[in-house]
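**Student:** As given, the protein sequences belong to chains R and C, one line each in that order. Here my numbering runs 173 ahead of the position in the first sequence, where the first position is 1. Here my numbering runs 14 ahead of the position in the second sequence, where the first position is 1. Ideal Cβ placement from N, Cα and C applies to all residues, glycine included.
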Amino acid sequence: MKNLIKADFKKIFYLPGNRSFLISTICLSILLGMIFLFTTNVTQGRALIELSSMEVIDITLLGMDVAAIMLLIFTANFVKKDLTSGAVHTNLAITPVRGNYFLSKVSFISILAILLSIVLILLFFAIDQLVLSMNGMGGLSIFALNIFTKIVGSIVMVLFYSLLSASGTFYLQSAFGGAAFALSVMFLPALIKMFPADISDILLPIFPEDALSALIDVHSADGSLLRAILVLLLWIIVSSLIGQWKFKKMDY
Amino acid sequence: MIKTENLTKKFGDKTAVDRLNLTLQPGAVTGFLGPNGSGKSTTMKMIISLVQPTHGKVIIDGKKYSDFREPVKKIGTLIDPSTLDKNFTAEQHLSIIATAAGIEKSRIEEMLDVTGLQSVKNKKVKSYSLGMKQRLGVATALIGNPDTIILDEPFNGLDIDGIKWLRKLFRQLADHGKAVIVSSHLMREIEAVADRVVIIGQGKLLADMTMGEMNEKSLSSYVYVEANDIAKFKNVLQKKHALIKPHNAGLKVRNLEASEIGRLAHDHQIILFQLTKVNPSLEDLFTEITDGKVEYVAKGVKTK
Ligand SMILES: Nc1ncnc2c1ncn2[C@@H]1O[C@H](COP(=O)(O)OP(=O)(O)O)[C@@H](O)[C@H]1O
Ligand SMILES: [Mg+2]
Numbered sequence: 174m175k176n177l178i179k180a181d182f183k184k185i186f187y188l189p190g191n192r193s194f195l196i197s198t199i200c201l202s203i204l205l206g207m208i209f210l211f212t213t214n215v216t217q218g219r220a221l222i223e224l225s226s227m228e229v230i231d232i233t234l235l236g237m238d239v240a241a242i243m244l245l246i247f248t249a250n251f252v253k254k255d256l257t258s259g260a261v262h263t264n265l266a267i268t269p270v271r272g273n274y275f276l277s278k279v280s281f282i283s284i285l286a287i288l289l290s291i292v293l294i295l296l297f298f299a300i301d302q303l304v305l306s307m308n309g310m311g312g313l314s315i316f317a318l319n320i321f322t323k324i325v326g327s328i329v330m331v332l333f334y335s336l337l338s339a340s341g342t343f344y345l346q347s348a349f350g351g352a353a354f355a356l357s358v359m360f361l362p363a364l365i366k367m368f369p370a371d372i373s374d375i376l377l378p379i380f381p382e383d384a385l386s387a388l389i390d391v392h393s394a395d396g397s398l399l400r401a402i403l404v405l406l407l408w409i410i411v412s413s414l415i416g417q418w419k420f421k422k423m424d425y
Numbered sequence: 015m016i017k018t019e020n021l022t023k024k025f026g027d028k029t030a031v032d033r034l035n036l037t038l039q040p041g042a043v044t045g046f047l048g049p050n051g052s053g054k055s056t057t058m059k060m061i062i063s064l065v066q067p068t069h070g071k072v073i074i075d076g077k078k079y080s081d082f083r084e085p086v087k088k089i090g091t092l093i094d095p096s097t098l099d100k101n102f103t104a105e106q107h108l109s110i111i112a113t114a115a116g117i118e119k120s121r122i123e124e125m126l127d128v129t130g131l132q133s134v135k136n137k138k139v140k141s142y143s144l145g146m147k148q149r150l151g152v153a154t155a156l157i158g159n160p161d162t163i164i165l166d167e168p169f170n171g172l173d174i175d176g177i178k179w180l181r182k183l184f185r186q187l188a189d190h191g192k193a194v195i196v197s198s199h200l201m202r203e204i205e206a207v208a209d210r211v212v213i214i215g216q217g218k219l220l221a222d223m224t225m226g227e228m229n230e231k232s233l234s235s236y237v238y239v240e241a242n243d244i245a246k247f248k249n250v251l252q253k254k255h256a257l258i259k260p261h262n263a264g265l266k267v268r269n270l271e272a273s274e275i276g277r278l279a280h281d282h283q284i285i286l287f288q289l290t291k292v293n294p295s296l297e298d299l300f301t302e303i304t305d306g307k308v309e310y311v312a313k314g315v316k317t318k
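And the structure:
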């Protein structure tokens, strides 16, 4: 298993295409985080200096949504590439137990998602500190409880959609399908909110968006935190079981 | 030792492989022959669990391929000459495989030497010819130093030098006690190197014999006759226990010498238009076997 994960990292290291996609993910996320931060006049009707340091962090962390979208696309492509004919024969000759193959891919994606998120968060943090101190606003500490949960929540979000995308790709055997699946889970809640309340109230809690915001927003840290974790775990477990089930009975 | 037991694969209602019983021995090159679409690739894929059999099973030293902890050290395969990603160089491709399979780094250089890719190891695979890709595929199959090597149509795209090189390599591997299984749809690619030939058609086993047996097969030579009264002549020949198959305007006659056939024609006042002794090439024999005209299985052939 460790060997397979190492081999996957080599693929990133060797392929300029993979590398530049990940670098653009970082750049684009930062860029959008910054755009959100410097357009608060328009979006929130308030100037940057009127915001609390907590709000500043909140706004820049919107850049993590961009990272989540980019990484789920990366995941779908990465998983699919190794399932295309030619590659799949070699890969499954090395790892014929499909469950192990699935697990190694998912582990690799998880490690990548977590590493990438941590790098991004550190960058966001550094930038926010700089912006805050330049404007003579209060400083931030990563280890303040409310900030720390926000950070963990953002990492979980990036990880969550990547894993959905991986399972979707295994199930649909297509990069487009896998990414589309994860993206629809991400964006359907926005659509559902347009339905009458009695429908959307039933549907929304099923989708992970609510759960993810519960994780990110610390004030709701009562019973809803546990429920949020449960919803997310269910999504991950069910989708990966279905993806694996399909993968195990495929002929290549 | 690899054994298939009643190995069967159906795709929908099409039977690609049909109750195949095979034993693949070490120390020999086995040619796995059959026309396109006869089920060679599917059989090879079932051996390494890429395709799940509908019925039957493959047993490798008493186990399944997926039961081996390091399967590429047991069986090396070349199913498809394309690599993990065409943007890798040969060296990167082999390095990733070595890492994933837990194989020593030194094998990468060895394989580049063996396959003659040393000089292009830093070029991207997308710039390779089909022959070079086949060489890299062979390197991939051999990198784990397996006891059994299974290659699907490895001669495709190779030039004469490549074909000679590959034959020599197979010979060496077999002489080192390894089982080498090579598929092809062309007899001539195989006949110079195989110790044994397995022929399948429409997923069924049609022949399984040593190259020696194949060469000697008495049924392979026949006498072709054309005569004025074919029906009458057929009766005459059949009384002499000849094996007869209609062919074009005449008959293919086996089990009777040409001189005997001539004398019989004379005795029965039949006029012969043609009397030719034919020694078919292995290629002809192969065609005949796969056309379903001759059944060669279990005729003095051990399938133990
Ligand atoms: N994945 C598949 N789905 C449906 N039919 C298939 C599949 N793979 C192979 N076949 C069919 O099975 C038969 C045997 O194919 P194959 O094993 O590739 O033959 P060969 O390698 O001898 O040319 C062919 O008729 C082919 O069309
Ligand atoms: Mg084939």
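By the three-class DSSP mapping on this structure, what secondary structure does C/His261 have?
**Tutor:** The residue given as residue 261 of chain C occupies position 247 in the second sequence. If DSSP states are grouped into helix, strand and coil, C/His261 belongs with the strands.
**Student:** Verify the contact flag: R/Asp424, CB atom, against every heavy atom of ligand 2, threshold strictly below 7 Å.
**Tutor:** Within the first sequence, residue 424 of chain R is the residue found at index 251, counting from 1. Incorrect: R/Asp424 has no Cβ contact closer than 7 Å to ligand 2.
**Student:** Shorter than 8 Å from the beta carbon of C/Thr113 to some beta carbon of chain R?
**Tutor:** In the second sequence, residue 113 of chain C corresponds to position 99, counting from 1. Output row for C/Thr113: interface = yes.
**Student:** Mind checking which residues open and close the alpha helix (DSSP H) that includes R/Ala220?
**Tutor:** In the first sequence, residue 220 of chain R corresponds to position 47, counting from 1. Element bounds for R/Ala220: n/a, residue is neither H nor E.
**Student:** Please look up how many angstroms separate the CB atoms of C/Thr129 and C/Leu150, rounded, as I've assumed it's under 8 Å.
**Tutor:** Locating residue 129 of chain C in the second sequence gives position 115, where the first residue counts as 1. Locating residue 150 of chain C in the second sequence gives position 136, where the first residue counts as 1. About 7 Å; that satisfies the 8 Å criterion.
**Student:** With burial defined as no fewer than 16 other Cβ atoms inside 10 Å of the residue's Cβ, what is the status of R/Ile375: buried or exposed?
**Tutor:** Here residue 375 of chain R corresponds to residue number 202 of the first sequence, with the count starting at 1. Answer is exposed; the Cβ neighbour count stays below 16.
**Student:** Which parts of the stretch 305-377 of chain R are runs of the alpha helix (DSSP H), unbroken and 4 residues or longer, counting only runs that do not cross its ends?
**Tutor:** Counting only runs of 4 or more, we get 318-345, 348-365, 370-376.
**Student:** Quick one: is C/Pro168 near chain R, going by C-beta distance under 8 Å?
**Tutor:** Within the second sequence, numbered from 1, the residue matching residue 168 of chain C stands at position 154. Closer than 8 Å: no.
**Student:** Could you tell me which residues DSSP pairs with C/Asp222 in its beta bridges?
**Tutor:** As a position in the second sequence, residue 222 of chain C is number 208, starting the count at 1. Bridge partners of C/Asp222: C/Val212.
**Student:** So which residues on chain C does R/Asn176 lean against when the C-beta distance must stay under 8 Å?
**Tutor:** The residue given as residue 176 of chain R occupies position 3 in the first sequence. Neighbours of R/Asn176 on chain C, chain order: Thr113, Ala114, Ala115, Gly116.
**Student:** For R/Phe349, collect the residues of the same chain with a Cβ closer than 8 Å to its Cβ; drop the 5 residues on either side in sequence, then sort them by chain order.
**Tutor:** As a working note, residue 349 of chain R is residue 176 in the first sequence. Excluding residues within five positions, the ones whose Cβ falls inside 8 Å are Ala249.
**Student:** If the cut is a Cβ gap below 7 Å, which residues of chain C does R/Pro269 touch?
**Tutor:** Position 96 of the first sequence, counted from the first residue, corresponds to residue 269 of chain R. Result: Ile62, Ser63, Tyr79, Ser80, Pro85.
**Student:** For C/His255, which option in C/Thr18, C/Ala241, C/Glu274, C/Ala263 has the closest C-alpha, if you only look at C-alpha atoms?
**Tutor:** Taking the first residue of the second sequence as 1, we reach residue 255 of chain C at position 241. Closest option to C/His255, Cα to Cα, is C/Glu274.
**Student:** Could you check whether the Cβ of C/Lys54 sits closer than 7 Å to any heavy atom belonging to ligand 1?
**Tutor:** Reading the second sequence from its first residue, position 40 is the one you call residue 54 of chain C. Answer for C/Lys54: yes, Cβ within range of ligand 1.
**Student:** Short of 9 Å Cβ to Cβ, which residues in the stretch 213-236 of chain R face chain C?
**Tutor:** Cβ contacts with chain C come from no residue of the stretch 213-236 of chain R.
**Student:** Under a Cβ-count criterion, where at least 16 other Cβ atoms within 10 Å of its own Cβ denotes burial, should R/Ser314 be classed as buried or exposed?
**Tutor:** Within the first sequence, residue 314 of chain R is the residue found at index 141, counting from 1. Under this definition R/Ser314 is an exposed residue.
**Student:** What whole-angstrom Cβ distance do C/Phe46 and C/Ser197 have, given they're in contact under 8 Å?
**Tutor:** Position 32 of the second sequence, counted from the start, is the residue given in the question as residue 46 of chain C. Position 183 of the second sequence, counted from the start, is the residue given in the question as residue 197 of chain C. Their Cβ separation, rounded to whole angstroms, is 4 Å, which keeps C/Phe46 and C/Ser197 in contact under 8 Å.
**Student:** Taking 8 Å as the CB-CB limit, is R/Lys179 close to chain C?
**Tutor:** Within the first sequence, the letter at position 6 stands for residue 179 of chain R. Yes - at least one Cβ of chain C is within 8 Å of the one on R/Lys179.
**Student:** Going by beta-carbon coordinates alone, are C/Leu251 and C/Leu270 separated by less than 8 Å?
**Tutor:** Residue 251 of chain C sits at position 237 when you count from the first residue of the second sequence. Residue 270 of chain C sits at position 256 when you count from the first residue of the second sequence. For C/Leu251 and C/Leu270, yes; Cβs fall inside 8 Å.
**Student:** Can you grab the Cα-Cα spacing for the pair R/Ile300 / R/Ala241, in whole Å?
**Tutor:** Taking the first residue of the first sequence as position 1, residue 300 of chain R is located at position 127. Taking the first residue of the first sequence as position 1, residue 241 of chain R is located at position 68. Each residue's alpha carbon lies about 20 Å from the other.
**Student:** Flag this pair as yes or no: are the beta carbons of C/Asn20 and C/Gly51 separated by less than 8 Å?
**Tutor:** Along the second sequence, read from residue 1 onward, the residue named residue 20 of chain C stands at position 6. Along the second sequence, read from residue 1 onward, the residue named residue 51 of chain C stands at position 37. No; because the gap between Cβ atoms is not below 8 Å, this pair is not in contact.
**Student:** What residue does the alpha helix (DSSP H) around C/Leu144 start on, and which one ends it?
**Tutor:** Working through the second sequence from its first residue, we reach residue 144 of chain C at position 130. C/Leu144 -> alpha helix (DSSP H) spans 144-156.
**Student:** Could you tell me which of C/Gly276, C/His280, C/Ile303 sits nearest to C/Lys291, measuring between CA atoms?
**Tutor:** Position 277 of the second sequence, counting from 1, holds the residue named residue 291 of chain C. The shortest Cα separation from C/Lys291 among C/Gly276, C/His280, C/Ile303 belongs to C/Gly276.
**Student:** Determine the extent of the beta strand (DSSP E) in which C/Val239 is found, giving its start and end residues.
**Tutor:** Reading the second sequence from its first residue, position 225 is the one you call residue 239 of chain C. Run containing C/Val239: 236-241, per the beta strand (DSSP E) assignment.
**Student:** Give, in chain order, every unbroken run of the alpha helix (DSSP H) that is at least 4 residues long and sits entirely within the stretch 113-198 of chain C.
**Tutor:** The qualifying runs are 120-128, 144-156, 174-189.
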